[in-house]
Amino acid sequence: MDELVIFTSPLMCVMIGVILLLHIAAAVSGTLIKSKKCERITVYTVSAVNLCLHAVVFVWGLVKGASPEELLLFLTASGAVGIVAMGISEKLINNKKESR
Amino acid sequence: MVFNSFGFLIFFPIFLLLYRILPLKIRWVMMLVLSYFFYMSWQADLLYLILFTTLVSYVCARLIEKFDGRRGIQKAFMITAVTVSLAVLFFFKYFNFVSENVVNFLNAMGLGVPDLALDLILPVGISFYTFQTLSYVIDVYRGTMPAEKHFGYYALYVSFFPQLVAGPIERPDNLIPQLKEKNPFNVNDTVMGLKFMLVGFFKKIVVADQISRYVDAVYNNASTGGDTVNGFTVLVATLLFAVQIYCDFSGYTDIAIGCARVMGIRLMQNFNDPYVATTIKDFWRRWHISLTSWFTDYVYIPLGGSRCKKWRHLTNIMIVFLLSGIWHGAAWTYIIWGVLHGIYQIIGNLTAKPRSRLIAKMGFDEKGRAVRYVRMVITFILVCLAWMVFRANSLSDLGTLMSALFTGWGGISLGASLDALGMSAVNIITIILSVIILKALDLQINTRPNLDNSAKLINPARSTVYVCLCWCVAAAWMILLASNIESAFIYFQF
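So the protein sequences, as listed, match chains A and B.
Quick note on numbering: this note's numbering labels position 59 of the first sequence as 1433, and the sequence is numbered without any gaps.
Quick note on numbering: this note's numbering labels position 264 of the second sequence as 294, and the sequence is numbered without any gaps.
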């Protein structure tokens, strides 16, 4: 098995932590947003930040010689966390709508 | 040109741009020309076949309508169209298989018959577009839809590029009217279409193609054996093949549905989370829905369906599944696979009541969760056993694999088996995470009460998922390019 590059780098672990926080923030923000305009701004901002953070890890990993398999592992892990966050978010939004 | 190619990344935006800017009156010309171009990127010299099939079915349908009221003549034209289309399909797809088996049989009897095999190429998508033309002619004959007068729109129905090569097998009354509609730009449709495409690419490139090498390591080496063929590796490879074929085929369908949806055209659903089926009958209501419904409407019901004597009903089931197996390919493995599913259905049908009584006697609620989960597991096991037959390269390979699965567990080293498969811990975790994402996405698509509104429900968390999916597709594509893994869609061979 190729040596892990991304998951053994302290800097990248911090980046991954930031990405996790972003997923959590995205999950919670859905319930806090009140206006449609605010909703769109949040989505675009979150998407842009998400894109940039993943790009940083992706490119850094490539430059440092991470294997494509490790990159894919990082991305699928992030995707899986995102899916969980999405599920929680929609549950929170539905609960909020029902309580109204 | 496959969906997951650079060529398609150029083709589709151009198609879409022209689709949006051309006037409706001439838009069909562009769509037809580019659909044929898409087909010719596969096999330019076999375009005449799809044209021939299109022409024969068009002419026969017009004549059926012209001789309205004269049922005998109508039937003659319907039979002509069906016979010609099936003859073409038989010749290109089954001639060599049938002739080889007949020759072998006759030679085994000592008759010394020469080999009759021809150098034939299997036309891409022939099974799919042939069935589409058949359903059109039969529907016109039945009077359920009028014959299409405009040859261009009819030809476009047969050759519409998103579903030309591997389905879904569209019905004419669903697709032809939509091809004639203006379908103005709609944000909802565009967003949903792009989402379908992204999910399709994820299924194909991230899941199916990554898994294929582990499946091939076992199934393509069944005859040589060694460390790659033991109980553990065959079990893992079979489970992975179940995931691979679902992701490969439903991924293609998702991309096809997405391409059409971006244009405002709704193709039929082809999969509905098949591995949560609780019976084999339920599985076939969820797997390759367009083919199942085709066989139901044009074979099963005309034969009498279930509205006949029991033995006739069960025979009808077996005929349908035998034909389904044959449809998939000219090989004994596909035929046996079809027959196996037929046997499953027949046994399921005959034991339905005794099983219900047994469940009641054991004190379980038949509609309860426990029974449901047990049924899901049993159905999945039966489906996987059938997939072994489907995937095996030959009957002798199948025998080796079955033997290894049931008896090849002695002295297995897990580490050596995983090494033989080429699997590392990173690969295993990635596969598990990919399947979790897949399952969650399928749940999203299948259980959301009103899918059309999902594009309007702006959710920041959802956008982060789709960004991740894009990156996953990019990374997986890199792996494929680096390792030269063959990335053809499985159902293209049918």
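In this text, a Cβ means the ideal position worked out from N, Cα and C, and glycines have one as well.
*Candidates B/Val-229, B/Phe-45 and B/Asp-303: which alpha carbon is nearest B/Val-495's?*
Taking the second sequence and counting its residues from 1, the one referred to as residue 495 of chain B is at position 465. That would be B/Val-229, whose Cα lies nearest to the Cα of B/Val-495.
*Quick one: using the 10 Å Cβ neighbour count with 16 as the cut-off for buried, is B/Trp-439 buried or exposed?*
Taking the first residue of the second sequence as position 1, residue 439 of chain B is located at position 409. It is exposed - the Cβ of B/Trp-439 has fewer than 16 other Cβ atoms within 10 Å.
*Listing by chain order, which chain A residues have their CB less than 8 Å from the CB of B/Met-508?*
Position 478 of the second sequence, counting from 1, holds the residue named residue 508 of chain B. Residues of chain A passing the Cβ test: Pro-1442 and Leu-1445.
*CA-CA distance, B/Val-170 and B/Thr-83?*
Here residue 170 of chain B is taken as the residue at index 140 of the second sequence, counted from 1. Here residue 83 of chain B is taken as the residue at index 53 of the second sequence, counted from 1. The straight-line gap from Cα to Cα measures roughly 16 Å.
*Would you check if there are 3 or more beta carbon pairs closer than 8 Å linking the stretch 46-65 of chain B to the stretch 299-310 of chain B?*
no
*Give the secondary structure of B/Asn-346 by DSSP, where H, G and I count as helix, E and B as strand, and everything else as coil.*
The residue given as residue 346 of chain B occupies position 316 in the second sequence. In the structure shown, B/Asn-346 sits in a helix (DSSP, three-state: H, G or I).
*Helix, strand or coil: which one does DSSP assign to B/Arg-399?*
Indexing the second sequence from 1 puts residue 399 of chain B at position 369. DSSP, read as helix, strand or coil, puts B/Arg-399 in helix.
*Is it right to say B/Ala-400 is buried, meaning 16 or more other beta carbons lie within 10 angstroms of its own, or is it exposed?*
Residue numbering aside, residue 400 of chain B sits at position 370 when the second sequence is read from its first letter. B/Ala-400 is exposed by the Cβ-count criterion.
*asked:* Spatial neighbours of B/Ala-21 within its chain, please: C-beta separation below 8 Å, excluding the five flanking residues on both sides.
replied: The displayed coordinates of chain B run from 31 to 524. Any statement about residue 21 of chain B would go beyond what the structure contains.
*Determine the DSSP secondary structure at B/Glu-211, reduced to helix, strand or coil.*
Here residue 211 of chain B refers to the residue found at position 181 of the second sequence. Here B/Glu-211 sits in coil by DSSP.
*Where A/Glu-1377 falls, given that 16 or more other Cβ within 10 Å makes a residue buried*: If you number the first sequence from 1, residue 1377 of chain A lands on position 3. It counts as exposed.
*asked:* Measuring straight from C-alpha to C-alpha, what distance separates B/Met-293 and B/Gly-355?
replied: Taking the second sequence and counting its residues from 1, the one referred to as residue 293 of chain B is at position 263. Taking the second sequence and counting its residues from 1, the one referred to as residue 355 of chain B is at position 325. Taking the straight line joining both Cα atoms gives about 34 Å.
*Taking B/Phe-190 and B/Ser-65 to be in contact with their CB atoms under 8 Å, please state how far apart those CB atoms are, rounded to whole angstroms.*
Translated into positions along the second sequence, residue 190 of chain B becomes position 160. Translated into positions along the second sequence, residue 65 of chain B becomes position 35. Between B/Ser-65 and B/Phe-190 the Cβ distance is about 6 Å, and since that is below 8 Å, they are a contact.
*Would you call the CB atoms of B/Ile-109 and B/Ala-506 closer than 9 Å?*
Within the second sequence, numbered from 1, the residue matching residue 109 of chain B stands at position 79. Within the second sequence, numbered from 1, the residue matching residue 506 of chain B stands at position 476. For B/Ile-109 and B/Ala-506, no; Cβs fall outside 9 Å.
_Local conformation of B/Glu-200 per DSSP, three classes_ = For the purposes of this step, residue 200 of chain B is identified with residue 170 of the second sequence, where counting begins at 1. It is coil, neither helix nor strand.
*asked:* For a test of the three-state rule: what should DSSP assign to B/Lys-525, helix, strand or coil?
replied: Beyond the ends of chain B as shown, which are 31 and 524, falls residue 525 of chain B; an answer cannot be given.
*Buried or exposed (CB count within 10 angstroms, at least 16 for buried), B/Thr-437*: By 1-based counting over the second sequence, the position of residue 437 of chain B is 407. Exposed, because fewer than 16 other Cβ atoms sit within 10 Å of the Cβ of B/Thr-437.
*In chain C, which residues lie less than 8 Å from B/Asn-457 when you measure between Cβ atoms?*
Of the protein chains in the structure, A and B, none is chain C.
_Which residues in chain B have a C-beta closer than 9 Å to the C-beta of A/Gly-1391? List them in chain order._
Within the first sequence, numbered from 1, the residue matching residue 1391 of chain A stands at position 17. Result: empty, since nearest Cβ-Cβ is about 15 Å, beyond 9 Å.
*Taking C-beta to C-beta, are B/Ser-447 and B/Phe-262 nearer than 9 Å?*
If you number the second sequence from 1, residue 447 of chain B lands on position 417. If you number the second sequence from 1, residue 262 of chain B lands on position 232. Yes, these two residues count as a Cβ contact at 9 Å.
*asked:* Using 8 Å as the cut-off, can you tell me whether the stretch 457-472 of chain B makes contact with the stretch 1454-1461 of chain A, which would need three or more C-beta pairs spanning the two stretches below that distance?
replied: yes
*Identify which residue in B/Leu-209, B/Lys-105, B/Gly-398 and B/Ile-151 has its Cα closest to the Cα of B/Asn-126.*
Within the second sequence, the letter at position 96 stands for residue 126 of chain B. Measuring from the Cα of B/Asn-126, the nearest candidate turns out to be B/Ile-151.
*Just the Cα atoms here: how many angstroms apart are A/Leu-1406 and A/Val-1430?*
Here residue 1406 of chain A corresponds to residue number 32 of the first sequence, with the count starting at 1. Here residue 1430 of chain A corresponds to residue number 56 of the first sequence, with the count starting at 1. A/Leu-1406 and A/Val-1430: Cα-Cα distance of roughly 28 Å.
*Could you have a look at A/Ile-1467 and say whether DSSP puts it in helix, strand or coil?*
Position 93 of the first sequence, counting from 1, holds the residue named residue 1467 of chain A. Helix at A/Ile-1467.
*Which class does B/Gly-334 belong to by DSSP, given the choice of helix, strand or coil?*
By 1-based counting over the second sequence, the position of residue 334 of chain B is 304. Reduced to three states, the DSSP call for B/Gly-334 is coil.
*asked:* Going by beta-carbon coordinates alone, are B/Ile-206 and B/Ser-165 separated by less than 9 Å?
replied: If you number the second sequence from 1, residue 206 of chain B lands on position 176. If you number the second sequence from 1, residue 165 of chain B lands on position 135. Cβ atoms of B/Ile-206 and B/Ser-165: not closer than 9 Å.
*Taking buried to mean at least 16 other C-beta atoms within 10 Å of its own C-beta, is B/Cys-26 buried or exposed?*
This structure leaves residue 26 of chain B out entirely; chain B is present only between 31 and 524.
*asked:* For the stretch 1425-1443 of chain A against the stretch 1379-1394 of chain A, do three or more pairs of beta-carbon atoms, one drawn from each stretch, fall closer than 8 Å, so that the two count as touching?
replied: yes
*State the DSSP-derived secondary structure class of A/Ile-1380, mapped to helix, strand or coil.*
Here residue 1380 of chain A corresponds to residue number 6 of the first sequence, with the count starting at 1. Three-state DSSP puts A/Ile-1380 in coil, outside helix and strand.
*Measuring CB to CB, does A/Thr-1450 end up less than 9 Å from B/Ser-464?*
Along the first sequence, one-based indexing puts residue 1450 of chain A at 76. Along the second sequence, one-based indexing puts residue 464 of chain B at 434. Yes, Cβ-Cβ distance for A/Thr-1450 and B/Ser-464 is below 9 Å.
*Evaluate contact between the stretch 1393-1400 of chain A and the stretch 1419-1426 of chain A, counting only Cβ atoms and requiring at least three cross-stretch pairs below 8 Å.*
yes
*Run down chain B in chain order and give the residues with a C-beta less than 8 Å from the C-beta of A/Leu-1396.*
Translated into positions along the first sequence, residue 1396 of chain A becomes position 22. Thr-494, listed in chain order.
_So B/Phe-107 and B/Leu-119 are supposed to be a Cβ contact under 8 Å. How far apart are they, rounded?_
What you label residue 107 of chain B is simply residue 77 of the second sequence in a count that begins at 1. What you label residue 119 of chain B is simply residue 89 of the second sequence in a count that begins at 1. Contact doesn't hold; Cβ gap of about 19 Å is too wide.
*Could you check what DSSP says for B/Asp-303 in three-state terms: helix, strand or coil?*
Taking the first residue of the second sequence as position 1, residue 303 of chain B is located at position 273. Reduced to three states, the DSSP call for B/Asp-303 is coil.
*Near B/His-73, which residues of its chain fall below 8 Å by C-beta distance, leaving aside the five closest residues on each side in sequence?*
Taking the second sequence and counting its residues from 1, the one referred to as residue 73 of chain B is at position 43. Residue identity check: residue 73 of chain B is Gln in the sequence provided, not His. Closer than 8 Å at Cβ, skipping near neighbours: Ile-151, Pro-153 and Val-154.
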